[in-house]
Each structure stands twice: as structure tokens, then as C-alpha cells.
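Quick note on our numbering: the sequence shown kicks off at 1 and runs consecutively.
Reviewing the structure listed below.
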Amino acid sequence: MAPPGVSGMMLGVMPGGEDVQGQRLEHLRRVLAATEAPQGGPVEGLVVTRPENRFYLTGFTGSSGYVLVSLQHALLLTDFRYTEQAAQQAPAFEVVRHGSPWFETLAERACALGLTHLGFEADHLSVADLQAMQAAVPGVRLTPLCGVVEQLRLVKEPAEIEIIARAAACSEGALRKVLESGVLRPGVREFEVAAELEHHMRQGGASRPAFDTIVASGPRSSLPHGRASDRRLAAGDFVTMDFGALVDGYCSDITRTVVIGRASPEQRRLYDLVLRAQLAGLGAVAPGAGGRAADEAARAIIRDAGHGDHFGHGLGHGVGIAIHEGPRLSPLSDSILQPGMVTSVEPGVYLPGWGGVRIEDLVAVTGDGCRVLTDSTKELIELL
Ligand code: GLY
Ligand code: MN
Ligand code: MN
């Protein structure tokens, strides 16, 4: 069967259909027209191989396809399995059925269109494919470009934010059901908790989880990315659940940490610290703020409490078609937040061998601050 790709969406046309595709194409063409190759000369077009970028430009949800956008032309190359679907979903594109390998068809079309200088996605195309592509188009200069379409994806359109809000509501609905179901009790395996979350997300309209569900209990809660395991929950455990839904091609991302039974004073202290940091991070997300400054607003609180070394990841990351994309909130970030960006805010403190806490919300930057898309309670939940 098909390899994994952006295949979550129903066989629908993206909201706004041809108009939205036309606007995104126009935006991309403006960027391309202003792109000079490092060795000089404007590129005449871009070959898009990254599935998320293909979906963004075309709305095509098949598992395999390639895009060629020049200043005059927009082609979507796919194979026999998908040509009918591609024509329905990508009305702004000429759909071309490619042979094997795909880049020979690309080469033929590029030559027929008289293109002599194309950019490619250097942060995605493999070295082997680049070499084979260059051999197929000896007369075309291929210039490595990075992040061209990703830049366009940074600021979401209002309709994209509403889809992400629906994805967030879907994951929160699953959390509510899991909290009510009684599955969070001693003896239940982390796998089972993950399965319940994923089941309810699908029941609520998700095509799949946005990423491998994290359920990390007891001492495993010190693993920031502790995928669910066969460990059985025990009384007194912290349980960190980090999960998201893929809805209409867009991801959500939320983390809540709960306690099985009564929280100890140490657990409550740690939870309150992470919550204070998370609220400070949320308060620092605003248009014009730097990703580094937002990170520091939360990090300073954790550092001042003596846990600086126990918070080893960034405060947040952009979320959209990909679960991890720009902007970045971290000590190394050069992102400047703008209205329409969507980011997570997710500080954590992880004490090896003992446990940890992370609290994560998803927010959209607005004209004067941010809109929190996940509104599940952040009071410490004790499952008695
Ligand atoms: N689960 C991925 C993240 O929160 O970044
Ligand atoms: Mn997460
Ligand atoms: Mn996240």
C-alpha cells in the first residue's frame, strides 16, 4: 500500500478551494521572483517534494505527489492511483500523471516549458534523488532552497486557525472522556490510556492522532517524550498525557499531567511551579515578541526555583499541517511572533528517576496577545 504521507483529510477540497490555492500560488510566486540563487540569477520555479508543502499548496491529500510551480505554470505530478483525486482537489493545478521515476516526467515537463533554473527543497530531497534528478535534466540548473513554502505556512489564514481550533477541541473532548471513564486508575497500562485517547479522538472526527501519543506515568513521567508503554499505573503516580488530533489535515497538541490518587506536597509544589511558568509563557506570547523572550519568561521562573537544568527543551513550537513547524519559542529562537501564528506553550520539569510535569496549551497569536485554543482545566487533577 501507499507509503505514509499527508493522507488524513477526507477526499474533500480545501476550504476556499481554487481561490485559496490561487492566493497561495500568487504568494509563492512573489517570493520566488525575489529569490536570487547564491551564485546569482533568479530561479524560475520551485520543485516541491515535502508532503506538507504539497498539501498546503494544492489541497491534494494523496500519499504521493510532487509540485512544480513556475512564474507561469503550476503542475501537480502524481501516479495512476491519484490522478482523478488530484484533479478534484487541486483545481488550480494541471495534474500530470508521472512515470517511474517521477523526476523523468518532471524533466520532460521542465524542458517543454523552457525552464532553465529551478529551486528544490534542499531540506527534504534526498541526495540520491537530487543526483538522479540532475542527471535527468542536465540542461536545468538546480539550486538548493530551504524553507520557502514553510515561510508561507508560518502565518495561518483565519480558516486554518479555525481548523486547528477544531482539532484542539477534538483532543480536549477525548481528554474529558478519558478523565470521566475511570480508565486512569491503578493497574491500567499506559497503552490502554493511549488507546482510549486515540479512540475518542477518532470518534470526535480525527482522521488519526497527530503524533505518537505520549502517556508517561510514575518515574517514566521524567521522560519528556515517553511514548506509552506497558507500564501499569500505580497509586501516587504523575501521569503525563501529551496527544493531538489530525483534523482536515491540521494538527493539535495538548499536554496535561494528573495524579492517580492524592498528590503529595512535592508533587503539588512541582506542578504549581510548572503552571506558573506556563502562565508566564502564555502572557509573553504577543505580536512583536521574540520567540526567545517568550521562552525566557517561562524559563526564568523554573531557573529561579533551582530547576533550570531540568527544563531542557524549548518552550514551544509552531503547529499546523506539521506537528512541529515554525515559529520556535526557545533560547536559540530568532522567531518574531506575528498575528496568525500558532504555537504551543509547554514548559516542563523532569527529575530523572522521580517523575516530571509538563503542561501544554496551543495558542494563536492575535492583534494584541493570544487566543488559547485549548481550554481544559489546569488545576491539578487528582483521580481518587
Ligand atoms: N508531542 C510533541 C510535542 O508536544 O512537542
Ligand atoms: Mn505535545
Ligand atoms: Mn508540543
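Note that beta-carbon positions come from the ideal geometry of N, C-alpha and C, so glycine has one too.
8 Å contact criterion, which residue i and residue j should meet: CB distance rounded
i	j	result
residue 215	residue 239	7 Å
residue 291	residue 333	3 Å
residue 85	residue 62	6 Å
residue 46	residue 137	Not quite, the Cβ-Cβ distance comes to about 14 Å (not below 8 Å), so this is no contact.
residue 198	residue 91	Not confirmed; about 34 Å, so no contact.
residue 386	residue 285	No information on residue 386 is available, as it lies outside the stretch 1 to 384 that the chain covers here.
residue 328	residue 311	The Cβ separation is near 15 Å, so there is no contact.
residue 341	residue 318	6 Å
residue 388	residue 302	No answer is possible for residue 388: the residues shown for the chain start at 1 and end at 384.
residue 188	residue 232	7 Å
residue 353	residue 219	6 Å
residue 380	residue 259	7 Å
residue 75	residue 261	Not really, about 59 Å apart at Cβ, beyond 8 Å.
residue 128	residue 247	Actually they do not touch by this definition, with Cβ atoms about 35 Å apart.
Helix, strand or coil at residue i [DSSP, three-state]
i	result
residue 386	Because the chain spans 1 through 384 in this model, residue 386 falls outside it and cannot be assessed.
residue 363	strand
residue 406	Not covered by the structure: residue 406. The range shown for the chain is 1 to 384.
residue 120	strand
residue 158	helix
residue 370	strand
residue 35	coil
residue 317	strand
residue 336	strand
residue 105	helix
residue 323	coil
residue 216	strand
residue 97	strand
residue 330	coil
residue 386	Nothing in the structure corresponds to residue 386, since the chain is present only between 1 and 384.
residue 349	strand
residue 358	strand
residue 175	helix
residue 241	strand
residue 343	strand
residue 143	strand
residue 202	helix
residue 78	strand
residue 24	helix
residue 183	coil
4 or more residues per run - each alpha helix (DSSP H) lying fully within the region 37–76: You should have 51–58.
Complete runs of the alpha helix (DSSP H) confined to the region 244–290 [at least 4 residues]: DSSP runs (the alpha helix (DSSP H)) wholly in the region 244–290: 265–284.
Any heavy atom of ligand 3 nearer than 6 Å to the CB - residues listed: Taken from the N-terminal end onward, the list reads 253, 317, 344, 346 and 360.
Sufficient close CB pairs (3 or more, under 8 Å) joining the region 171–189 to the region 42–58: Under the three-pair Cβ rule at 8 Å, the region 171–189 does not count as touching the region 42–58.
Sufficient close CB pairs (3 or more, under 8 Å) joining the region 352–364 to the region 160–176: The region 352–364 makes contact with the region 160–176, as at least three CB pairs between them are under 8 Å.
The region 107–114 / the region 23–42 touching (three or more Cβ pairs under 8 Å): With the cut-off at 8 Å, the region 107–114 and the region 23–42 do not touch.
The region 22–30 touching the region 63–75, judged by at least three CB pairs closer than 8 Å: Contact holds: three or more Cβ-Cβ distances are below 8 Å.
Three or more C-beta pairs below 8 Å linking the region 186–205 and the region 157–165: Judged by Cβ distances under 8 Å, the region 186–205 makes no contact with the region 157–165, as fewer than three pairs qualify.
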